[in-house]
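Worksheet for the structure shown next.
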Amino acid sequence: MCEPRAARRSAAGPPLTGFVCVLLLVCVSVASASLDTAEDPHHPTNSTGLKKAFPVLALNYDYVRKPFEIALWILLALLMKLGFHIIPRVSNVVPESCLLIGVGLLVGGIIRAIREEAPVLNTELFFLYLLPPIILDAGYFLPIRAFTENMGTILVFAVVGTLWNAFFIGGMIFGVCQIEGAQLAGVDLLSCLLFGTIVSAVDPVAVLAVFEEIHINELLYILVFGESLLNDAVTVVLYHLFEEFSHAGTVTVADAFLGIACFFVVSLGGIMVGAIYGLLGAFTSRFTSHTRVIEPLFVFLYSYMAYLSAEVFHLSGIMSLIACGVTMRPYVEANVSHKSYTTIKYFMKMWSSVSETLIFIFLGVSTVAGPHAWNWTFVILTVVLCLVSRVLGVIGLTYIINKFRIVKLTKKDQFIMAYGGLRGAIAFSLGFLLTDDNEMKSMFLTAIITVIFFTVIVQGMTIRPLVELLAVKRKNESKGSINEEIHTQFLDHLLTGIEDVCGHYGHHHWKDKLNRFNKTYVKRWLIAGERSTEPQLISFYNKMEMKQAMMLVESGSAARPPTHASSVSMQNIQPRESARGRAIPSISKSREQEIRKVLRGHLQNTRQRLRSYSRHDLLVDPFEDHVSEVRFRKQRVEMERRMSHYLTVPANRQETPAVRKVCFEPEHRVYTYDDGESPRGRAAQPRPGPADGVSLVSESPPGLGARGPDQEQEVQEEKEEQEEQDQLKLSRCLSDPGPNHNKEEEE
Amino acid sequence: MEALHYLCTHKIVTIDSSSLFSVSFEQIGILHNRFKQLSHNEETLLRENFSKIPDLECNPIRSQIIEAFFDRRNFRQNGEGTVEEIGFEEFLVTMSHFRPPTLNMSEHQREGVRRDKLRFLFNMHDTDNDGTITLEEYRHVVEELLSLSEAMEKDTAKSIADAAMLEVASISMGHMEPDEFYEGITFEHFLKLLNGFEIESRMYVRFLNMDTTTLCK
């Protein structure tokens, strides 16, 4: 019944919201403009001695002006983003980046129309605040395996490809400018080369924005995206080189050699800085077990510091950020609690999403605002040359690279790589960074913006239908499979062994050596506690079980059975000969504790929710109590049944005795609720009422296989002993430091 | 070329150049040198020769790798059981399972390569050669994989193997009644399981640029 109303509301929502936003923005800008002039007259009048009435309501916009405007911009950006996803037809055809640029253009137009000063995407804002979150997000979640396997290809494309692009575009433009006539003769070679550098680099933000939506296969994604990340070093070096020398006038051979040396310093230096901060971050996270709340901050701060430190020395900030994220990640994830891990993940995604949105909107606004000098020849030439050089570069390099690759790049792959070379905001910011005495600046900026628009809009919009037309392989969205993990590891060891038999020190051999070094030395230093010796297979398995437990918990609360395609359960695979039922295999005790704590904790919450009304109420209604008890037990039984079905962690252990009594109690008796989450307490159980009660059905969850009662008893006893020991080493994932749960935070 | 001479004298005609598993003559030569190095210039290789390779000691699944070389099912002659010693021909045939994929393969050929490589893996797991990988055998695989890490609890390996088996059963059988029993992973189920694994592009060793003067006693 609520559905049609909601639909109607959402259909009217986005345009309305957009209109309201724009209106707000306009009002604010107008108000701020008028306030600027209105402020001054007030001061003189105050000193004339005339006593004003005490202002009950005053307006002081200036005080909050800056944060207010920033917040309003961000809000506008996010509301737009929201709007686009509610209208399904549009977002299927047009990629989000185009829509955002469109909005930016619109807003820029409005601001210009009311003759206000629009915020421009200036270099400082972009490079220091908007770019790092996106790069960090990309670097932290970079698929390492694919990246290292294709590292050679990626480097060749990033370095050689960008150099080729820069020189080709710069050279050709210079050549054409010379031919053209007096119009463009003022453009000298160095300026052209500088321009070529700026416009040649593939932009990670644009690539991410577009490729994210088309779900292309991992190889192509990592090739294009890796290239866009690693070409930063080349771009930085070339940019500074040409900028320096465009003032000096000429470039000698010595300078060229210095440039090459500079390239190595910039890239390797950046990586080193990043790696150092990454290791520092990992080391710090080893000790955060008592202050879980600030764990995510360490990740963000160390990464940001890595970026800024690299920028101080003109090293490649992007590479530093990537190196930091990649280095930090395995150790931090092993140390950090589950909730912190989720926090890190979501904050990173959130920040990068906001940044990306803002970048595109500002790009649109700056386009309207910026100084432009349109020159048909120059602009068209730039666009055409960008395309041509990219295609030639990709084809040429692939021909060479395929001689060395095992899995060769096909023509389809080459096409997508050439087509996916998008330019974006980095080019714009670098152009903005050009010093003003470069008289070609406005012309360059116009050309850069045109190229950006062309690649993002035209190529961005058409890449999806092209991908479908060419039937390019898409990403296979498979969830983690324990079998694939087992076989990945098995294959790694097998291939290493075969290489050893052949006597060939290849790829696998060195990877194996690195892994062993990592395990014996590095992990001991950087990972806290017993996790440092945990093999990868086991951590993978634990993660999976945890995920399934979480899924169970969530689905349990919705009171819907999880949609599983099969109903195969543990008993189908256990050989029938073991008549004793399952002997109790388990994952490590503390892990199992974690999982069962999660489930119990959830049930606890449910129970507390059910009971919270009656807890503070001295008048206990026994019937209501009874009903909720039954519901609780039913839920618990259901949960444990499902747990034993879908997890390999057996659930057939009883912590609470099966008997439970309900009775008609006198009204003044309060149910004291033993907070079972205390380290030394048993599982939560209410103190039973007086003995003259009607006993409820003693429900015991169905066990797997037949178990004798005495077995169950001894199991239970042994279980309880262990529980007491194990309660002391607490689960990481549940050390949730709320104000009342401080006792839980032990390690 | 000694390798060719060796082949001719021993009348090895199994290297069919049209087969996708063919190894070039250059690579045969390199492998032959390695064979002689391992066998100390004998005609055949024994298990001890493999055990002496120092790098192999750190490998958790070394015994299975060594066994794979002596397993007749890998000799492409539809044999069964194990042998005690192998000649160069068998060595070569086993190695040919790790040939890199060629560029232009039709779908059918690609499928053939996949089946071949997955068959090799399957044979490594199915030690008693009954055509299925039972729960016990799978447990053994997982235990071997984890055998080099210290402080491993035996039960962990069992649970992992159980979870894996559960997954296979779910993928292959879909729905099972509570009293049905899943016998083991057959080759077809194994194929289905590792469908997305792209084994044809992952299971290869580069034979080029081989330096045979490596550490080997």
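These protein sequences, in sequence, are chains E and P. Sequential numbering of the first sequence, starting at 1, is according to the UniProt record's numbering. Sequential numbering of the second sequence, starting at 1, is according to the UniProt record's numbering. For each residue, glycine too, the CB sits at the ideal point set by N, CA and C.
Determine the extent of the alpha helix (DSSP H) in which residue i is found, giving its start and end residues.
| i | result |
| --- | --- |
| E/Phe141 | Run containing E/Phe141: none; DSSP gives neither H nor E here. |
| E/Ala528 | That residue, E/Ala528, is in no alpha helix (DSSP H); it is neither H nor E in DSSP. |
| E/Gln489 | Ile482 to Cys502 |
| P/Leu31 | Phe25 to Ser39 |
| E/Trp374 | Premise fails: E/Trp374 is in no alpha helix (DSSP H) and is neither H nor E. |
| E/Leu280 | Val253 to Ser285 |
| E/Ser289 | Per DSSP, E/Ser289 belongs to no alpha helix (DSSP H) and is neither H nor E. |
| P/Thr127 | Note, P/Thr127: premise wrong, no alpha helix (DSSP H); not H, not E. |
| E/Ile70 | Tyr61 to Ile86 |
| E/Phe195 | Leu189 to Ser200 |
| P/Asn59 | Neither: P/Asn59 is in no alpha helix (DSSP H) and is coded neither H nor E. |
| E/Pro465 | Gly460 to Leu469 |
With DSSP collapsed to three states, give me the class of residue i.
| i | result |
| --- | --- |
| E/Ile222 | helix |
| P/Asp155 | helix |
| E/Thr398 | helix |
| P/Ser106 | coil |
| E/Arg423 | coil |
| E/Arg329 | helix |
| P/Tyr204 | coil |
| E/Thr410 | coil |
| E/Ser442 | helix |
| E/Val210 | helix |
| E/Ser316 | coil |
| P/Ile199 | helix |
| P/His175 | coil |
| E/Asn150 | coil |
| E/Ser337 | coil |
| E/Ile114 | coil |
| E/Gly506 | coil |
| P/Ala163 | helix |
| E/Asp203 | coil |
| E/Ala58 | coil |
| E/Asn122 | coil |
| E/Leu392 | helix |
With burial defined as no fewer than 16 other Cβ atoms inside 10 Å of the residue's Cβ, what is the status of residue i: buried or exposed?
| i | result |
| --- | --- |
| E/Thr221 | Note that residue 221 of chain E is Tyr in the sequence shown here, rather than Thr. Result: buried. |
| E/Glu356 | buried |
| E/Tyr346 | exposed |
| P/Val168 | buried |
| E/Pro67 | exposed |
| E/Asn476 | exposed |
| P/Glu90 | buried |
| E/Asn231 | buried |
| E/Leu385 | buried |
| P/Glu80 | exposed |
| E/Phe195 | buried |
Taking residue i as the reference, give the member of the options with the closest Cα.
| i | options | result |
| --- | --- | --- |
| E/Trp351 | E/Leu136, E/Ile87, E/Ser555 and E/His509 | E/Leu136 |
| residue 754 of chain E | E/Leu223, E/Pro119 and E/Leu128 | The structure shown does not extend to residue 754 of chain E, since chain E is modelled only from 1 to 747, so the question has no answer here. |
| E/Leu526 | E/Val336, E/Ser200 and E/Val273 | E/Val336 |
| E/Ser228 | E/Ala146, E/Ile538 and E/Met319 | E/Met319 |
| P/Asp130 | P/Glu183, P/Leu166 and P/Gly87 | P/Glu183 |
| E/Lys411 | E/Arg292, E/Val159 and E/Val467 | E/Val467 |
| E/Glu149 | E/Leu82, E/Leu194 and E/Arg405 | E/Arg405 |
| E/Ala528 | E/Leu315, E/Leu241, E/Arg390 and E/Thr288 | E/Thr288 |
| E/Leu131 | E/Ser353, E/Asp413, E/Pro465 and E/Glu213 | E/Ser353 |
| E/Val388 | E/Gly161, E/Tyr140, E/Ala206 and E/Glu124 | E/Gly161 |
| E/Leu445 | E/Ala373, E/Cys502 and E/Ala118 | E/Ala373 |
Which residues does DSSP list as the beta-bridge partners of residue i?
| i | result |
| --- | --- |
| P/Leu45 | P/Ile86 |
| E/Thr216 | Residue identity differs from the one stated: residue 216 of chain E is Ile in this sequence, not Thr. According to DSSP, E/Ile216 bridges with E/Arg474. |
| P/Ile185 | P/Ile133 |
| P/Asp71 | P/Thr82 |
Can you pull the chain C residues whose beta carbon is under 9 angstroms from the beta carbon of residue i, in chain order?
| i | result |
| --- | --- |
| P/Leu145 | The structure shown contains no chain C; its protein chains are E and P. |
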